[in-house]
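The structure appears below as structure tokens.
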Amino acid sequence: MPTLLWSDELALGVAAMDATHQEFVTLLADVEAADDAGVLAAWHALVEHTQQHFDAEDRYMLATRFAAGNCHTTHHRMVLDVLRQGLALGQAGDLAPIRQMAQELAV
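Take the sequence shown: its letters are residues 1354 to 1460, numbered as in my numbering.
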């Protein structure tokens, strides 16, 4: 059973963002459920989804003139860097960091 389940408590009330977040929850569950042969592909899908999500959010913040000096975009970069480090470690044969990150993301 996945560690994180979608619920109304997670909803923001913005249909597009809620759909993106629901997809994230599903992809995270896929990572958690994957066996060793499939976890790398599942993690890659999660990383790609997160990149697209953050890119869209960054564009939205720019278009709406969200504070130019905000740190949220920096947070996006930091999170993606960590997710990609996990991907690189997984590609090198070390799946443990991916498993650990999936647990942490669910929290």
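Beta carbons are placed, not taken as given, at the ideal position from N, Cα and C, and that holds for glycine.
Since the structure is predicted, the reported quantities are computational estimates derived from the model, not experimental observations.
Boundaries of the alpha helix (DSSP H) harbouring W1396: 1392-1416, taken from the DSSP string. For D1434, the enclosing alpha helix (DSSP H) has its first and last residue at 1425-1444.
The alpha carbon of L1358 has as its nearest neighbour, out of A1395, D1389, H1374, the alpha carbon of H1374. Here the C-alpha atom of E1410 lies approximately 17 Å from the C-alpha atom of D1434.
Rounded to whole angstroms, A1382 and A1398 show a C-alpha spacing of 12 Å.
Shown here for G1443: same chain residues with a beta carbon closer than 8 Å to its own, the five before and five after excluded, namely V1392, L1393, W1396, P1450, I1451 in chain order. The C-beta separation of T1426 from M1414 comes to about 7 Å, placing the pair in contact by the 8 Å criterion. Its Cα nearest to that of A1387, the residue P1355 stands out among A1372, P1355, M1370, D1361. A1368 and D1408 have their C-alpha atoms spaced approximately 17 Å apart. In the three-state reduction of the DSSP assignment, V1460 falls in the coil class, being assigned neither a helical nor a strand state.
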